[in-house]
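So the structure is just underneath, and the comments pick up after that.
Residue numbers (the working numbering): 6 to 149.
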């Protein structure tokens, strides 16, 4: 019975979460969940939007009623993503890189990532904006 339980957990993890492949990020995404050190917060309004295409990304968000952005490049190698900020409304972020292993849901319309910034761990769940019009897998820990 114990082996069956462990096998079913392993099988479920392969079905529902998948690593990233070339082209999986392409498109427009919106932030649907956010946490720092496992302390969930409401997603800011207006909702942050991130676009990926051809090895480049841009994220647009508001901070203290001011529009902010980060733009840069990303590489996907062996299921691990490295994003490098090349332009930003916050000058101190330019040149910063961070690495994470995205976990995509089975339909590839949402993914989550955890980034360890050494001072804190940031959790983000993103879903494609097309999920407003088509049915997408929605696995969230909160109702945002």
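We treat Cβ as the ideally placed atom computed from N, Cα and C, and that holds for glycine. Fair warning: this is a prediction, and the values are worked out from it, not measured in the lab.
Kindly list the residues whose CB is nearer than 6 Å to the CB of residue i, restricted to its own chain and excluding five residues on each side of it in sequence; keep chain order.
i	result
residue 41	125 and 127
residue 7	Per-residue confidence for residue 7 stands at a pLDDT of 49, beneath the threshold of 50, marking its modelled position as unreliable; the derived number appears in the next sentence. Once the five neighbours on either side are set aside, residue 7 has no close Cβ partner at all.
residue 80	87
residue 65	54 and 74
residue 61	78
Since residue i and residue j should fall inside the 8 Å C-beta cutoff, what is the C-beta to C-beta distance between them, to a whole number of angstroms?
i	j	result
residue 91	residue 78	6 Å
residue 56	residue 33	5 Å
Looking at the unbroken beta strand (DSSP E) that takes in residue i, where does it start and where does it end?
i	result
residue 116	115 to 121
residue 134	Here residue 134 belongs to no beta strand (DSSP E), and DSSP marks it neither H nor E.
residue 102	102 to 105
residue 109	108 to 110
Which residues share a DSSP beta bridge with residue i?
i	result
residue 77	62 and 90
residue 40	45 and 128
residue 32	57
residue 82	85
residue 68	71
Taking 7 Å as the limit between beta carbons, can you name the residues of its chain near residue i, skipping five residues before and five after?
i	result
residue 142	110, 111, 112, 114 and 115
residue 14	Low confidence applies to residue 14: its pLDDT is 40, below 50, so where it sits in the model is not reliable, and the reading given next is rough at best. Within the same chain, residue 14 has no close Cβ partners at all.
residue 98	75 and 90
residue 51	67
So, are the CB atoms of residue i and residue j less than 9 Å apart?
i	j	result
residue 131	residue 140	no
residue 46	residue 73	no
residue 31	residue 59	yes
Sorted by chain position, which residues of the same chain lie with C-beta nearer than 8 Å to residue i's C-beta, five sequence neighbours on each side aside?
i	result
residue 137	none
residue 83	none
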